[in-house]
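Numbering (this note's numbering), first residue to last: 1 to 309. Glycine residues also receive a C-beta, built at the ideal position from the N, C-alpha and C atoms. Below is one structure; the comments refer to it alone.
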Amino acid sequence: MARPKLTVVGAGNVGATAAHWAAAQELADVVLVDVVEGMPQGKALDLMQARPIMGFNVEIVGANDYGPTADSDVVIITAGIARKPGMSREDLINTNKNIVAEVTRQVVAKSPNAFLIIVSNPLDAMCYVAYKVSGFPRERVMGMAGILDTARYRCFIAMELGCAVEEIQAMVLGGHGDEMVPVVSATNVSGIPLTELLPPERIAALVERTKKGGGEIVALLKTGSAYYAPAAASVQMAAAILKDHKRVVPVSAYLDGEYGLKDLFFGVPVVLGAGGVEKIIPLKLTPEEEELLKKSAAAVAKTRDELKM
Ligand code: TXD
1 MARPKLTVVG
11 AGNVGATAAH
21 WAAAQELADV
31 VLVDVVEGMP
41 QGKALDLMQA
51 RPIMGFNVEI
61 VGANDYGPTA
71 DSDVVIITAG
81 IARKPGMSRE
91 DLINTNKNIV
101 AEVTRQVVAK
111 SPNAFLIIVS
121 NPLDAMCYVA
131 YKVSGFPRER
141 VMGMAGILDT
151 ARYRCFIAME
161 LGCAVEEIQA
171 MVLGGHGDEM
181 VPVVSATNVS
191 GIPLTELLPP
201 ERIAALVERT
211 KKGGGEIVAL
221 LKTGSAYYAP
231 AAASVQMAAA
241 ILKDHKRVVP
251 VSAYLDGEYG
261 LKDLFFGVPV
271 VLGAGGVEKI
281 IPLKLTPEEE
291 ELLKKSAAAV
301 AKTRDELKM
């Protein structure tokens with residue numbers, strides 16, 4: 001039986017790291033595409049040469065064209081520019097809109113049945129671009145943000161409590177911007193509500209750090225944004241689809257009335273499996289959380305409108 005094919009467009013920090021992790025877990029054969037001549041080929045060859053040492057057996061190829069991507073099962077799109085200190089994700093909109101539109105056109109011409117996982121920022125708006133340009137059904141177009149933001153939140157809680165990260169169950173919903181909503185009412189530690197383990201002011205501090213989690217790393221790196229955790233989150237989504245894991249995770253999904261929102265990509269809990277976004281799960285929120293989610297939706301809708309699509 002042929003192995004599945006995963007294409008990663010943009011062989012920069014997130015893309016190359018995603019290729020690395022996908023290959024290391026033998027998830028699929030990997031095609032790395034970038035506009036920079038020789039770079040994706042070089043990274044692919046380097047990864048191929050890591051195989052005898054690390055002991056994984058998949059093919060990794062690099063390309064500057066879409067020929068080798070034909071009939072991909074899943075395509076992760078990371079192409080575009082990343083934030084530098086002082087920039088918001090929204091500052092990237094004009095450059096990345098054109099890049100994501102062009103990449104999507106090329107991808108769908110070769111892989112009409114693929115699932116698209118968008119990573120480029122501003123995330124929810126770039127999902128909208130890929131959705132419109134691809135013409136794919138909404139189950140097959142989604143954005144990676146919620147798994148990453150939730151991982152940051154879980155990480156900060158585990159650090160605070162001095163317990164294993166696996167014990168923290170949580171959800172960060174809404175747009176992938178400063179208005180994202182870590183849902184405290186849905187946060188527990190092995191079933192114990194977080195509110196029973198930490199005082200409100202400590203929880204508020206962890207929520208705040210989560211919301212600014214991407215910016216904290218941009219400020220430290222100075223030349224770009226985070227990539228290890230973003231790549232890991234993207235690969236988890238690809239794995240959920242390729243292996244029909246039916247994970248219940250937050251992703252940016254196209255809403256058509258769910259959560260009271262229409263024609264908008266927004267971070268919500270979904271079931272992610274072989275059918276892509278198989279189900280959007282409604283969540284009971286506190287009135288305060290509802291209010292925060294509304295604010296986040298307004299910010300995402302504003303960015304979508306700036307696309308003029
Ligand atoms: O949570 C999330 N969704 C995110 C999003 C987390 C981390 C990074 N996030 C965004 O992903 C970030 O704001 C950027 O918009 C993308 C990619 O971030 P990365 O850190 O990987 O940026 P790099 O290292 O600059 O890589 C981008 C690559 C680079 O090699 C370019 O040459 C390439 O994209 N690129 C293209 N490839 C193919 N086709 C076209 N047109 C193209 N244009 C640029």
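Would you kindly work out how many angstroms separate the C-alpha atoms of V75 and G38, rounded to a whole number? Within the sequence shown, numbered from 1, the residue matching residue 75 stands at position 75. Within the sequence shown, numbered from 1, the residue matching residue 38 stands at position 38. When rounded, the distance between both Cα atoms is 20 Å.
Under 8 Å between C-beta atoms of I77 and S134: Start at 1 with the first residue of the sequence shown, and residue 77 comes out as number 77. Start at 1 with the first residue of the sequence shown, and residue 134 comes out as number 134. Result no, Cβ atoms of I77 and S134 do not sit closer than 8 Å.
Identify whether M48 lies in helix, strand or coil by the three-state DSSP scheme. Taking the first residue of the sequence shown as position 1, residue 48 is located at position 48. Helix at M48.
Pair within 8 Å by beta-carbon distance, V328 and G80: Residue 328 cannot be examined here, being either before or after the span of the chain that is shown, 1 to 309.
Just mark T210 as buried or exposed, buried being the case when its beta carbon has 16 or more other beta carbons within 10 Å. For this step, residue 210 is matched to residue 210 along the sequence shown. With 16 or more other Cβ atoms within 10 Å, it is buried.
Using a 10 Å radius around the Cβ and a threshold of 16 neighbouring Cβ atoms, would you call G313 buried or exposed? Only positions 1 to 309 of the chain appear in this structure, which leaves residue 313 out of reach.
Are the beta-carbon atoms of V343 and I203 separated by less than 8 Å? Since the displayed the chain opens at 1 and closes at 309, residue 343 lies outside it and no answer follows.
What residue range does the beta strand (DSSP E) around Y254 cover? Residue numbering aside, residue 254 sits at position 254 when the sequence shown is read from its first letter. Per DSSP, Y254 belongs to the beta strand (DSSP E) from 247-256.
Which first and last residues belong to the alpha helix (DSSP H) in which R213 is found? The residue labelled residue 213 in the question sits at position 213 within the sequence shown. The residue asked about is misnamed: residue 213 is Gly in this sequence, not Arg. G213 -> alpha helix (DSSP H) spans 213-221.
Which of helix, strand or coil DSSP assigns to M54: Numbered from its first residue, the sequence shown carries residue 54 at position 54. Note: M54 maps to helix in three-state DSSP.
Within the same chain, show all residues whose beta-carbon is closer than 7 Å to that of W21, passing over the 5 residues directly before and after it, in chain order. If you number the sequence shown from 1, residue 21 lands on position 21. A231, A232, V235.
So Q49 packs on G62, CB below 8 Å; how close in whole Å? What you label residue 49 is simply residue 49 of the sequence shown in a count that begins at 1. What you label residue 62 is simply residue 62 of the sequence shown in a count that begins at 1. Not quite, the Cβ-Cβ distance comes to about 13 Å (not below 8 Å), so this is no contact.
Hey, would you say V107 sits closer than 8 Å to A101, going by beta carbons? Taking the first residue of the sequence shown as position 1, residue 107 is located at position 107. Taking the first residue of the sequence shown as position 1, residue 101 is located at position 101. Their beta carbons are not under 8 Å apart, which means V107 does not touch A101 by this criterion.
Nonlocal neighbours in the same chain, by C-beta distance under 7 Å from C155, ignoring five residues either side: Position 155 of the sequence shown, counting from 1, holds the residue named residue 155. Around C155: V165.
If you follow the beta strand (DSSP E) that M142 is part of, which residue opens it and which one closes it? Residue mapping note: residue 142 aligns to position 142 of the sequence shown, counting from 1. Following the DSSP letters along the chain, one finds M142 inside the beta strand (DSSP E) bounded by residues 141-143.
Cβ neighbour criterion (16 or more within 10 Å) applied to L32: The sequence position of residue 32 within the sequence shown is 32, counting from 1. Per the 10 Å Cβ criterion, buried.
CA nearest to the CA of L148, picked from L161, G275, E201, G177: As a working note, residue 148 is residue 148 in the sequence shown. Closest by alpha carbon: G177.
For I168 and A158, the rounded distance between their alpha carbons: Position 158 of the sequence shown, counting from 1, holds the residue named residue 158. Position 168 of the sequence shown, counting from 1, holds the residue named residue 168. Going from the Cα of A158 to the Cα of I168 covers about 7 Å.
Where do the ends of the alpha helix (DSSP H) carrying K294 lie? As a working note, residue 294 is residue 294 in the sequence shown. Unbroken alpha helix (DSSP H) run through K294: 287-307.
Less than 8 Å between the C-beta atoms of D73 and L6, yes or no? For the purposes of this step, residue 73 is identified with residue 73 of the sequence shown, where counting begins at 1. For the purposes of this step, residue 6 is identified with residue 6 of the sequence shown, where counting begins at 1. Closer than 8 Å, so yes.
In whole angstroms, what separates the C-alpha of P182 from that of L45? Here residue 182 refers to the residue found at position 182 when the sequence shown is read from its first residue. Here residue 45 refers to the residue found at position 45 when the sequence shown is read from its first residue. The straight-line gap from Cα to Cα measures roughly 40 Å.
With distances taken Cα to Cα, identify the nearest neighbour of V277 among V141, R89, L92. For the purposes of this step, residue 277 is identified with residue 277 of the sequence shown, where counting begins at 1. Among V141, R89, L92, the Cα nearest to that of V277 is on V141.
Spatially closest choice to E291 from G273, D305, I280, Y259, by CA coordinates: The residue you call residue 291 lines up with position 291 of the sequence shown. It is Y259 whose Cα lies nearest to the Cα of E291.
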